[in-house]
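When the sequence shown is numbered by this note's numbering, its final residue is 355 and no position is left out of the sequence of numbers.
All C-beta atoms, glycine included, are put in the ideal place defined by N, C-alpha and C.
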Amino acid sequence: MNIGNPKIEPIEFLKMRDIGEVLSLTFRFIRDYFKPLMLGILFLVLPFYILGTILMISALDGIIPSVLEVETTSSVWSMMIAILFLAMGTVMIITYVNELIYFVYSNPDKQVPNIWEIWNLTRRYFFWNLLHMIVWFIVCWMFLMSVYLVFFLLITIGIAGIALGGVAIAVIMIILAVLAMFFVMLYTVSATVPMFFIATCEKINIFSALSRSFSLLHVSKIGFINSLLTNLLVVIIITIISSNILMPVLIIEGFIGYNSGSSNPFSEQGTLIKVFYGVTYLISPFVYMIPLISNAMNYFNLRERLDAPGLKKRISLIGQQTDFDIHQYEEE
């Protein structure tokens, strides 16, 4: 089954781009390959998220009424299985989106991607990416925890400074610590998320992909700053999209909670809380695809800055064309 727009103009992936061009190329890819992206999410990713959402709501149904009591064992097990399904759905969308981008990149003459070819690649590399996800989680957790420990220490010193009377210095220290934590989180995302696509595109193991991702991020100061700002803008964009979708639920939930006279607000808000969580989980895969695509496009940008394969290819084509023109001229 061929899915897509047969009139799609080929994308020149290997090219140096600024922040705006990377974001523009991201949304152009979503527009050009909207159907295969949506069908892949609907048929391959959403089943995991639907099962995970149902189990999570079932767990909340047992936990919310007994917030002040000990949770039941069944609710805890439901939540653990729900997290497992949601994690598998996340791995599925990472695998599918990366394989789709790589397929389009490696088959520039094939305008319309075949959904079954993408599915076969996704099925083949799913468990491999699941292993990658586990490694990624461990690396990020160890890195962030070790760094955040220092920042929490700074915040503690700042709070102690407030208690001792040095309010101005303490407040500045706390603000700097919070900004530093945000920067570290942004840096971690920029340095580690591309490794999934790098492993797919360059066919290397996860540790080599992680090393390659860090080296590409630091290829130049401009590339480093552009990568961080691109991910920051993507975070802002997906936050705005998610907020617009979830805002009606939040407004209704707040209105009911404000006007509730019950001593147990969960009795009236329980349904809305479950709806909120359900909508949040179900829109997650549609939101996740944006940073996955933007990081893949930024990978091509950084790779071009480091190795210039696109420029070398264009120069070789110019040389071939010149040789052909000279040969044709000599024959005439």
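Expected contact under 8 Å - CB spacing of Pro308 and Leu107 to nearest Å
Not a contact, Cβ separation roughly 16 Å.
Which term fits Leu46, buried or exposed, when burial requires 16 or more other beta carbons within 10 angstroms of its beta carbon?
buried
Give the C-beta separation of Leu74 and Met115 to the nearest angstrom, bearing in mind that I take them to be a contact with Cβ-Cβ under 8 Å.
Between Met115 and Leu74 the Cβ distance is about 12 Å, and since that is not below 8 Å, they are no contact.
Roughly how many angstroms lie between the CA atoms of Thr113 and Ile185, to the nearest whole one?
43 Å
In the DSSP assignment, find the alpha helix (DSSP H) that holds Lys58 and state where it starts and stops.
Phe57 to Gly63
Assign Asn152 to one of three DSSP states: helix, strand, or coil.
helix
On the three-pair Cβ rule with 8 Å, is the segment 196-208 touching the segment 229-241?
no
Look at the alpha carbon of Val170 and the alpha carbon of Val207, and state the distance between them as a whole number of angstroms.
8 Å
Where Met137 falls: helix, strand or coil (DSSP)
In the sequence as displayed, the identity of residue 137 is Asn instead of Met. Looking at Asn137 - three-state DSSP - the assignment turns out to be strand.
Euclidean distance between Cα positions of Phe36 and Asn321:
9 Å
Between the Cα of Gly246 and the Cα atoms of Tyr210, Pro314, Ser231 and Ile259, which residue gives the shortest distance?
Tyr210
Reference Trp142; option with closest CA among Arg51, Gly63 and Ile195
Gly63
Close beta carbons around Pro131, own chain, < 7 Å, minus the five adjacent residues each side:
Pro33
Given this structure, state the Cα-to-Cα distance separating Lys38 from Ile316, to the nearest angstrom.
16 Å
Could you have a look at Phe36 and say whether DSSP puts it in helix, strand or coil?
coil
DSSP state of Val216 mapped onto helix, strand, coil
coil
Thinking just about the alpha-carbon of each residue, which of Ile259, Met270 and Val173 is nearest to the one in Val298?
Met270
Ordered along the chain, which non-local residues of its own chain (more than five positions away) have a Cβ less than 6 Å from that of Gly181?
Ala193, Met196 and Ile197
At the level of alpha carbons, what is the spacing between Arg51 and Asn249?
19 Å
From Ser213 to Ala319, what does the alpha carbon distance come to, in whole angstroms?
11 Å
Cβ-Cβ separation, Thr118 to Thr76 (assumed contact under 8 Å), whole Å:
No, Thr76 and Thr118 are not in contact; Cβ-Cβ is about 20 Å, not under 8 Å.
Taking the straight line between their C-alpha atoms, what separation do you get for Ala105 and Ile341?
55 Å
Around the Cβ of Asn228, are there at least 16 other Cβ atoms within 10 angstroms (buried) or fewer (exposed)?
exposed
Residue from Arg40, Met61 and Ile31 with nearest C-alpha to Met312
Met61
Excluding the 5 residues flanking Val216 on each side, which residues of the same chain have their C-beta closer than 6 Å to its C-beta?
Asn318
Residue closest to Trp139, alpha-carbon to alpha-carbon, out of Phe150, Trp151 and Phe126:
Phe126
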